[in-house]
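Visitor: Chains as they are written, first to last, in the UniProt record's numbering: chain A, 1 to 240; chain B, 1 to 240.
Number of protein chains: 2
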Amino acid sequence: MPTNNQIAEVAALVGEPSRTSILLALIDGRALTASELAHAAGISPPTASEHLARLMDAELLAMEKQGRHRYFRLGSPKVASLLESMLSLVAERDATVSAIRTGPRDRDLRFARSCYDHLAGSLAVAIADRLETMEMIDLADDGGTVSEKGQAFFGDLGAELGAAGQQGRRYCRPCLDWSERRPHIAGRVGSGLMVCFLERGWVKRQTEGRVISVTRAGERAIVEHFGIDIVRLRERQDRA
Amino acid sequence: MPTNNQIAEVAALVGEPSRTSILLALIDGRALTASELAHAAGISPPTASEHLARLMDAELLAMEKQGRHRYFRLGSPKVASLLESMLSLVAERDATVSAIRTGPRDRDLRFARSCYDHLAGSLAVAIADRLETMEMIDLADDGGTVSEKGQAFFGDLGAELGAAGQQGRRYCRPCLDWSERRPHIAGRVGSGLMVCFLERGWVKRQTEGRVISVTRAGERAIVEHFGIDIVRLRERQDRA
DNA sequence: ACCATGTTTCGGTCGCCACCAAAACATTGC
DNA sequence: GCAATGTTTTGGTGGCGACCGAAACATGGT
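#1: Note down the Cα distance separating S44/A from A80/A, rounded to an integer number of angstroms.
#2: Going along the chain, which residues of its own chain have a beta-carbon closer than 7 angstroms to the beta-carbon of L161/B, five neighbours each way excluded?
#3: Taking the CB atoms as reference points, tell me whether C175/A and G29/A lie closer together than 8 angstroms.
#4: So who's on the other strand from S114/A, going by DSSP bridges?
#5: Use the C-beta contact count for V10/B: other C-beta atoms within 10 angstroms, 16 or more gives buried, fewer gives exposed.
#6: Could you tell me the alpha carbon to alpha carbon distance between L24/B and D117/A, rounded to whole angstroms?
#7: Just the chain A side, please: which residues come within less than 7 angstroms of I27/B by C-beta, in chain order?
#8: Less than 8 angstroms between the C-beta atoms of residue 254/B and K65/A, yes or no?
#9: Taking DSSP's pairing of strands, which residues face T145/B in a bridge?
#10: DSSP state of S98/B, grouped into three classes?
#11: Measuring CB to CB, does T133/A end up less than 8 angstroms from Y71/A?
#12: Counting only Cβ pairs nearer than 8 angstroms, list the residues of chain B close to M86/A.
#13: According to DSSP, is C175/A part of a helix, a strand, or is it coil?
#14: For R205/A, write down the residues that DSSP places opposite it in a beta bridge.
#15: Going by beta carbon distance, what residues of the same chain come within less than 6 angstroms of A62/A, once the five residues before and after it are set aside?
#16: From the beta carbon of L24/A, is the nearest beta carbon of chain B less than 8 angstroms away?
#17: Look at the alpha carbon of A128/B and the alpha carbon of E224/B, and state the distance between them as a whole number of angstroms.
#18: Could you spell out where the beta strand (DSSP E) holding L74/B opens and where it closes?
#19: Beta-carbon of T3/B versus every beta-carbon of chain A: anything under 8 angstroms?
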């Protein structure tokens, strides 16, 4: 069986402390630069670069160039799922950690969380999906755009997206969600959207971690403005 | 985060070709001896012994002494699940393998398979469960027993379990199932049971692999003798 | 054009670990 | 008890790879 060595190869890549740190730093779907990852792993940029190259070779990471930065993220949802499997295993061995708390919190994390300065999770993906099919926005790696219809929509919401001319490279970018397969909205638009949600009290940050919770008012507002039913979305996620 | 190093430790253990071979050889829940594993990994007994000791330390393997042999098996279902996660990842990268074939076959494998000389999988676990609650058998690591009621039952079935006095150390042993959490029946009784099932045409071996399929006649017979509904059991498995 | 910053390549050192042979240990069967 | 078989411990060798500093390369800002 040739898969044998392939598995060993993958596991060996994951099984080096520096690389483990790198991968875990990316588990929530964010894309970080090479130097940020070097810092996260506590190693020098050259060493990090070598690790990153290896992880890329094995397709455990994906990369996109962005000026003089290189943004790395997990190569596929299966990679995230592998890491979770490991987390689950060591949690089991510990037996000190209460399995009750990680369970629900994990579900919440998958549903809505912050990813840097924008929203991520099932909810964020649903929103991106909706806005795209309504032709409000156009997500693209090299900047993306907001249509006139979209600008009016965001104006009604009171979301601050910057001047229309400002649509630079990081304006309305997709950001791959690891718990879903689809992208959510990053960039200036994603950021403005989260600020708006927070200011209007639709969502709230948890005191710790990156979990975001939807308020009662938020549930009503989101179904009104976006046509997204929070309760049904939650159910759909739980079934999956 | 201290879990970081723990994950690296686990992954590093899995990420060594010889150890990978050892773990994969055990993925179907069988328990193999040290020398069998040495042979499976293509290494000398001393080297295997060292690997096995490490895997034991990390609780990735469980061991039980049996005379001058030591039987090793996976430490918990989560270990199997981790390995599966890896298999799934490399399968994704390959893109050559048809994902269609592994899907259903995998489900069948979880439902009923051979494990050495006895049955394993959901069905086998259900049978063990049933026979134990009916007080037909008593599963125990050091041999186990078959009650008088059980002997009559197996007699009716026409299953050959050897003379009653023969109840040695490997008579009615539990064998941990990786796809379920519960044990199924190994030893003389488990073996006799599978022979009986095959002879009466209740189940059939697939031409390749360890998959066992239940025939139409088998479905009727099993619900009659064991009170186990194959269709509902399959449904329950698919939901999980 | 030049400098600043981020990233990769190069060269070389160091430590860890997989491996085996031989020997010690454990257990069964006679 | 002794011989046979399975397993682990010991000792020693060899190679791979993680690491960093220095330098080369790439890109953006001024």
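Glycine included, C-beta positions come from ideal geometry on N, C-alpha and C. Bear in mind that the values here come from a model prediction, so they are computed numbers and not experimental data.
Guide: For this structure:
#1: Here residue 44/A refers to the residue found at position 44 when the first sequence is read from its first residue. Here residue 80/A refers to the residue found at position 80 when the first sequence is read from its first residue. S44/A and A80/A have their alpha carbons spaced roughly 25 angstroms apart.
#2: As a first step, residue 161/B is located in the second sequence; it is residue number 161 there, counting from the start. Here the set comprises V146, F154, R188, V189, G192.
#3: To locate residue 175/A, count along the first sequence from 1; it is residue 175. To locate residue 29/A, count along the first sequence from 1; it is residue 29. Against a cut-off of 8 angstroms, the Cβ pair of G29/A and C175/A comes out as a contact.
#4: Locating residue 114/A in the first sequence gives position 114, counting from the first residue. The partner list for S114/A (beta bridge, DSSP) reads L119/A.
#5: For the purposes of this step, residue 10/B is taken as residue 10 along the second sequence, with counting starting at 1. Around the beta carbon of V10/B, a 10 Å sphere encloses 16 or more other beta carbons of the protein chains shown; the residue is thus reported as buried.
#6: For the purposes of this step, residue 24/B is taken as the residue at position 24 of the second sequence. For the purposes of this step, residue 117/A is taken as the residue at position 117 of the first sequence. Spanning the two alpha carbons is a distance of roughly 42 angstroms.
#7: One-based indexing of the second sequence puts residue 27/B at position 27. The contact set of I27/B on chain A, defined by CB atoms closer than 7 angstroms, is empty, because the minimum CB distance reaches about 11 angstroms.
#8: What the structure shows of chain B is the stretch from 1 to 240, and residue 254/B is not part of that stretch, so it cannot be assessed.
#9: Indexing the second sequence from 1 puts residue 145/B at position 145. According to DSSP, T145/B bridges with D138/B.
#10: By one-based count along the second sequence, residue 98/B stands at place 98. Per-residue confidence for S98/B stands at a pLDDT of 46, beneath the threshold of 50, marking its modelled position as unreliable; no derived number is given.
#11: Locating residue 133/A in the first sequence gives position 133, counting from the first residue. Locating residue 71/A in the first sequence gives position 71, counting from the first residue. Between T133/A and Y71/A, the C-beta gap is not smaller than 8 angstroms, which leaves the two residues out of contact.
#12: Residue numbering aside, residue 86/A sits at position 86 when the first sequence is read from its first letter. Correct list: I7, V10, A11, L82.
#13: Walking along the first sequence from the start, residue 175/A turns up at place 175. C175/A carries a strand assignment under DSSP once its states are collapsed to helix, strand and coil.
#14: The residue given as residue 205/A occupies position 205 in the first sequence. In the DSSP output, where bridge partners are listed per residue, R205/A has I212/A.
#15: By one-based count along the first sequence, residue 62/A stands at place 62. Closer than 6 angstroms at Cβ, skipping near neighbours: R73, G75.
#16: In the first sequence, the residue the question calls residue 24/A occupies position 24. For L24/A, at least one C-beta of chain B is nearer than 8 angstroms to its own C-beta.
#17: Reading the second sequence from its first residue, position 128 is the one you call residue 128/B. Reading the second sequence from its first residue, position 224 is the one you call residue 224/B. So the two alpha carbons sit approximately 16 angstroms from each other.
#18: Walking along the second sequence from the start, residue 74/B turns up at place 74. Looking at the DSSP string, the run of the beta strand (DSSP E) that includes L74/B is 69-74.
#19: To locate residue 3/B, count along the second sequence from 1; it is residue 3. Chain A, which has a Cβ nearer than 8 angstroms to the Cβ of T3/B, makes this yes.
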